[in-house]
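This note's numbering applies: residue 194 is where the sequence shown begins, and numbers increase by one.
Note that CB positions come from ideal geometry on N, CA and C, so glycine has one too.
All figures in this text were calculated on a predicted structure; none of them were measured in a lab.
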Amino acid sequence: MTDVKAEIISILRQSLAEFTKEEINFLVEEPENENFGDYFSNAALAFWANKESRIKNQKWKSPLELAQKIVNSIIHDSKFMIHFDRVEAVKPGFINFYLSQEYLIAQLSLVSGKTLLRYVHETERSFAGRRIMVEFTDPNPFKEFHIGHLYSNTVGESVSR
194 MTDVKAEIIS
204 ILRQSLAEFT
214 KEEINFLVEE
224 PENENFGDYF
234 SNAALAFWAN
244 KESRIKNQKW
254 KSPLELAQKI
264 VNSIIHDSKF
274 MIHFDRVEAV
284 KPGFINFYLS
294 QEYLIAQLSL
304 VSGKTLLRYV
314 HETERSFAGR
324 RIMVEFTDPN
334 PFKEFHIGHL
344 YSNTVGESVS
354 R
(Lines of atoms letter the chains of each structure in order from A and count residues from 1; the text may use other names and numbers.)
(Lines give C-alpha, C1' and ligand atoms only; values in the text may rest on other atoms or scores of the structure.)
Protein backbone atom coordinates (compact mmCIF):
# COMPACT_ATOMS: atom_id res chain seq x y z
CA MET A 1 0.00 0.00 0.00
CA THR A 2 1.38 3.37 -0.96
CA ASP A 3 1.59 6.33 1.36
CA VAL A 4 -0.22 8.97 -0.68
CA LYS A 5 0.54 11.77 1.77
CA ALA A 6 4.28 11.07 1.50
CA GLU A 7 4.00 11.05 -2.30
CA ILE A 8 2.22 14.41 -2.26
CA ILE A 9 4.92 15.90 -0.02
CA SER A 10 7.63 14.52 -2.30
CA ILE A 11 6.09 15.89 -5.52
CA LEU A 12 5.48 19.29 -3.89
CA ARG A 13 9.10 19.45 -2.71
CA GLN A 14 10.24 18.66 -6.27
CA SER A 15 7.98 21.36 -7.69
CA LEU A 16 9.12 23.95 -5.15
CA ALA A 17 12.76 23.05 -5.86
CA GLU A 18 12.25 24.49 -9.35
CA PHE A 19 11.62 27.90 -7.78
CA THR A 20 13.91 28.00 -4.74
CA LYS A 21 16.73 26.11 -3.08
CA GLU A 22 15.44 27.05 0.37
CA GLU A 23 13.53 24.56 2.51
CA ILE A 24 9.86 25.57 2.58
CA ASN A 25 7.77 24.18 5.45
CA PHE A 26 4.25 23.42 4.26
CA LEU A 27 1.35 21.22 5.31
CA VAL A 28 -0.38 18.34 3.58
CA GLU A 29 -3.54 17.35 5.41
CA GLU A 30 -6.97 15.82 4.98
CA PRO A 31 -9.60 18.57 4.86
CA GLU A 32 -12.62 18.54 7.15
CA ASN A 33 -14.85 19.45 4.20
CA GLU A 34 -14.82 16.78 1.47
CA ASN A 35 -15.49 19.45 -1.18
CA PHE A 36 -11.83 20.46 -0.79
CA GLY A 37 -10.52 17.09 -1.97
CA ASP A 38 -9.01 14.12 -0.19
CA TYR A 39 -5.85 16.07 0.67
CA PHE A 40 -4.88 19.71 0.53
CA SER A 41 -1.63 21.63 0.81
CA ASN A 42 -0.63 25.17 1.62
CA ALA A 43 2.71 24.86 -0.24
CA ALA A 44 2.14 27.96 -2.40
CA LEU A 45 1.02 30.01 0.60
CA ALA A 46 4.05 28.85 2.61
CA PHE A 47 6.35 29.79 -0.26
CA TRP A 48 4.60 33.17 -0.55
CA ALA A 49 4.94 33.76 3.21
CA ASN A 50 8.70 33.16 3.00
CA LYS A 51 9.86 36.71 2.26
CA GLU A 52 13.27 35.75 0.85
CA SER A 53 11.79 33.27 -1.64
CA ARG A 54 9.16 35.75 -2.74
CA ILE A 55 11.71 38.53 -3.29
CA LYS A 56 13.95 36.23 -5.38
CA ASN A 57 10.99 35.01 -7.48
CA GLN A 58 8.84 37.97 -8.40
CA LYS A 59 7.30 36.11 -11.34
CA TRP A 60 3.93 35.65 -9.65
CA LYS A 61 1.44 38.26 -8.54
CA SER A 62 -0.36 36.07 -6.01
CA PRO A 63 -0.10 32.74 -4.17
CA LEU A 64 -2.93 31.46 -6.38
CA GLU A 65 -0.85 32.08 -9.50
CA LEU A 66 2.07 30.21 -7.92
CA ALA A 67 -0.25 27.37 -6.87
CA GLN A 68 -1.47 27.08 -10.46
CA LYS A 69 2.14 26.88 -11.68
CA ILE A 70 2.83 24.09 -9.15
CA VAL A 71 -0.34 22.24 -10.23
CA ASN A 72 0.72 22.49 -13.88
CA SER A 73 4.07 20.89 -13.06
CA ILE A 74 2.37 18.16 -11.00
CA ILE A 75 -0.23 17.10 -13.56
CA HIS A 76 2.48 16.39 -16.13
CA ASP A 77 3.95 13.69 -13.86
CA SER A 78 2.02 10.65 -15.14
CA LYS A 79 3.45 8.33 -12.47
CA PHE A 80 2.09 10.58 -9.72
CA MET A 81 -1.26 11.24 -11.39
CA ILE A 82 -2.13 7.52 -11.46
CA HIS A 83 -3.56 7.94 -7.94
CA PHE A 84 -5.52 11.13 -8.62
CA ASP A 85 -8.57 12.22 -10.59
CA ARG A 86 -7.54 15.83 -10.44
CA VAL A 87 -5.31 18.34 -8.70
CA GLU A 88 -6.45 21.94 -8.55
CA ALA A 89 -5.34 25.33 -7.26
CA VAL A 90 -7.96 27.31 -5.34
CA LYS A 91 -8.09 30.72 -3.66
CA PRO A 92 -6.15 32.01 -1.83
CA GLY A 93 -3.43 29.54 -2.91
CA PHE A 94 -4.28 26.08 -1.65
CA ILE A 95 -3.72 22.96 -3.74
CA ASN A 96 -6.45 20.30 -3.52
CA PHE A 97 -5.80 16.65 -4.40
CA TYR A 98 -8.68 14.32 -5.34
CA LEU A 99 -7.94 10.58 -5.23
CA SER A 100 -9.22 8.52 -8.16
CA GLN A 101 -12.01 6.03 -7.63
CA GLU A 102 -9.88 3.26 -9.15
CA TYR A 103 -7.11 3.90 -6.62
CA LEU A 104 -9.57 3.90 -3.70
CA ILE A 105 -11.18 0.65 -4.87
CA ALA A 106 -7.77 -0.99 -5.30
CA GLN A 107 -6.69 0.06 -1.80
CA LEU A 108 -9.99 -1.06 -0.27
CA SER A 109 -9.82 -4.48 -1.90
CA LEU A 110 -6.19 -4.86 -0.86
CA VAL A 111 -6.96 -4.03 2.77
CA SER A 112 -10.22 -5.97 2.99
CA GLY A 113 -8.69 -9.01 1.30
CA LYS A 114 -5.80 -9.16 3.74
CA THR A 115 -8.05 -8.55 6.73
CA LEU A 116 -10.58 -11.16 5.67
CA LEU A 117 -7.91 -13.80 5.04
CA ARG A 118 -6.28 -13.08 8.39
CA TYR A 119 -9.67 -13.35 10.15
CA VAL A 120 -10.57 -16.64 8.45
CA HIS A 121 -7.23 -18.24 9.35
CA GLU A 122 -7.36 -17.07 12.97
CA THR A 123 -10.96 -18.25 13.33
CA GLU A 124 -10.20 -21.67 11.87
CA ARG A 125 -7.29 -22.16 14.27
CA SER A 126 -9.09 -20.95 17.39
CA PHE A 127 -12.21 -23.13 16.94
CA ALA A 128 -10.62 -26.23 15.40
CA GLY A 129 -11.95 -29.41 17.02
CA ARG A 130 -14.29 -27.57 19.40
CA ARG A 131 -18.04 -27.80 19.71
CA ILE A 132 -19.81 -24.44 19.84
CA MET A 133 -23.31 -23.66 21.08
CA VAL A 134 -25.02 -20.59 19.63
CA GLU A 135 -28.05 -19.39 21.57
CA PHE A 136 -29.89 -16.88 19.47
CA THR A 137 -33.62 -16.91 20.26
CA ASP A 138 -34.52 -16.64 23.89
CA PRO A 139 -37.89 -14.91 24.27
CA ASN A 140 -39.29 -14.22 27.70
CA PRO A 141 -41.95 -16.88 28.35
CA PHE A 142 -44.09 -14.35 30.22
CA LYS A 143 -44.18 -11.81 27.39
CA GLU A 144 -45.67 -11.82 23.94
CA PHE A 145 -43.40 -13.00 21.09
CA HIS A 146 -42.93 -10.07 18.64
CA ILE A 147 -41.09 -8.99 15.47
CA GLY A 148 -38.02 -7.88 17.47
CA HIS A 149 -37.25 -11.54 18.18
CA LEU A 150 -37.05 -12.22 14.44
CA TYR A 151 -33.81 -10.23 14.07
CA SER A 152 -31.89 -12.19 16.69
CA ASN A 153 -33.33 -15.43 15.33
CA THR A 154 -32.20 -14.58 11.77
CA VAL A 155 -28.71 -13.53 12.86
CA GLY A 156 -28.35 -16.61 15.05
CA GLU A 157 -29.41 -18.94 12.25
CA SER A 158 -26.89 -17.39 9.85
CA VAL A 159 -24.04 -17.55 12.37
CA SER A 160 -24.72 -21.14 13.33
CA ARG A 161 -24.89 -22.45 9.76
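Top-ranked residue by Cα proximity to residue i, from the options
i    : options             : result
T330 : S353, F277 and Q294 : S353
I202 : S234, L257 and V280 : S234
A242 : A299, R279 and L259 : L259
G230 : V348, Q300 and V283 : V283
Distance, residue j Cα to residue i Cα
i    : j    : result
A239 : E295 : 31 Å
V327 : S351 : 10 Å
N346 : N333 : 14 Å
E213 : V197 : Position check: residue 213 holds Thr in this sequence, whereas Glu was assumed. The straight-line gap from Cα to Cα measures roughly 24 Å.
G286 : A237 : 6 Å
Y344 : E337 : 16 Å
F335 : V348 : 23 Å
M194 : Q300 : Note that M194 scores a pLDDT of 48, beneath 50, so its modelled location is shaky and nothing firm can be said.
D270 : N289 : 16 Å
V280 : L297 : 16 Å
Whole-Å CB distance - residue i paired with residue j, under 8 Å assumed
i    : j    : result
F273 : L292 : With 8 Å as the limit, F273 and L292 do not qualify as a contact, their Cβ atoms being about 12 Å apart.
E222 : Y232 : 7 Å
Collapsed DSSP secondary structure at residue i in the structure displayed
i    : result
N228 : helix
M194 : Its pLDDT being 48, under 50, M194 is placed unreliably by the model, and the measurement read from it follows with that caveat. Three-state DSSP puts M194 in coil, outside helix and strand.
S208 : helix
N289 : strand
V283 : strand
F240 : helix
S234 : strand
- Query: When the Cβ atoms of the segment 196 to 209 are set against those of the segment 261 to 280, are three or more pairs found closer than 8 Å?
  - Reply: yes
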